[in-house]
Amino acid sequence: MTYLPGDKSKSERLSEILRVNHAGEYGAKHIYRGQLSVLLGNSKIEHMAKQEEEHLEFFENELLKRHIRPSLLSPLWNIGGFMLGKITAKMSVEAAMLCTEAVEAAITEHYNNQIEELREIEPELVDTIQKFRDDELEHHDEAIRSGSKTAPAYSLLYKLINTTSKIAIKIAEKI
Numbered sequence: 010m011t012y013l014p015g016d017k018s019k020s021e022r023l024s025e026i027l028r029v030n031h032a033g034e035y036g037a038k039h040i041y042r043g044q045l046s047v048l049l050g051n052s053k054i055e056h057m058a059k060q061e062e063e064h065l066e067f068f069e070n071e072l073l074k075r076h077i078r079p080s081l082l083s084p085l086w087n088i089g090g091f092m093l094g095k096i097t098a099k100m101s102v103e104a105a106m107l108c109t110e111a112v113e114a115a116i117t118e119h120y121n122n123q124i125e126e127l128r129e130i131e132p133e134l135v136d137t138i139q140k141f142r143d144d145e146l147e148h149h150d151e152a153i154r155s156g157s158k159t160a161p162a163y164s165l166l167y168k169l170i171n172t173t174s175k176i177a178i179k180i181a182e183k184i
């Protein structure tokens with residue numbers, strides 16, 4: 010990767026990467042919390058939520074260790090994530106799975122985009138990000154196996170949730 014005048018330093022870019030990843034895992038934790046408030050006892054969602062908690066713990070530790078501030082919009086990721094999870098779960102189990110599919114598709118793409126960049130600026134994070142990406146992809150695939158594509162208004166909701174997730178990723182990098 011070639012750095013040009015005006016580009017962020019490697020440490021500035023790493024701060025953005027860790028901040029956005031923390032925000033994403035924080036939001037995911039609250040999406041699953043919202044889903045489980047309606048679908049308590051759903052073992053698939055409980056398993057996915059547990060993995061998100063592990064991812065979040067890793068990024069919380071990285072932020073602390075490196076003295077990087079979290080996203081200033083964490084309250085929004087908390088409330089927005091919870092409401093997204095709760096509303097889709099109230100619609101149906103399939104709608105909750107649609108939510109998972111759409112969010113995890115955005116996160117998988119996001120992690121894929123980071124992996125090559127991290128090879129240059131912080132290679133020791135690559136294996137962890139790849140593992141987390143693989144977990145997110147498994148959540149995505151499990152959502153499809155669990156009927157996400159049969160949810161009411163699938164195309165509309167998928168596009169809305171996936172696009173909103175991508176916008177949240179861009180915002181969380183900066184704020």
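The working numbering applies: residue 10 is where the sequence shown begins, and numbers increase by one.
Glycine included, C-beta positions come from ideal geometry on N, C-alpha and C.
Query: Cβ-based burial, N51 [other Cβ within 10 Å; buried from 16]; Result: buried
Query: Rounded separation between K183 and L93 - CA only; Result: 22 Å
Query: Cβ neighbours of L73 in the same chain (closer than 8 Å, five flanking residues each side left out); Result: none
Query: Residue nearest to L107 in terms of C-alpha spacing, selected from I40, E66 and H56; Result: I40
Query: Per-residue burial, K38 [other beta carbons within 10 Å of its own, 16 or more giving buried]; Result: buried
Query: Status (buried if at least 16 other CB within 10 Å, exposed otherwise) for D144; Result: buried
Query: Nearest neighbour of I124, chosen from G156, I54, F141 and A114 [CA to CA]; Result: F141
Query: Range covered by the alpha helix (DSSP H) that runs through L48; Result: Element bounds for L48: n/a, residue is neither H nor E.
Query: Beta carbon of H119 nearer than 8 Å to that of M57; Result: no
Query: Segment contact, 8 Å Cβ cut-off, at least three pairs: the region 62–71 with the region 163–171; Result: no
Query: Three-state class that DSSP yields for S101 in the structure shown; Result: coil
Query: Top-ranked residue by Cα proximity to R42, from L127, I88 and P132; Result: I88
Query: CB of S80 within 8 Å of CB of A32, strictly; Result: yes
Query: Nearest-angstrom Cα separation, counted from S157 out to E21; Result: 38 Å
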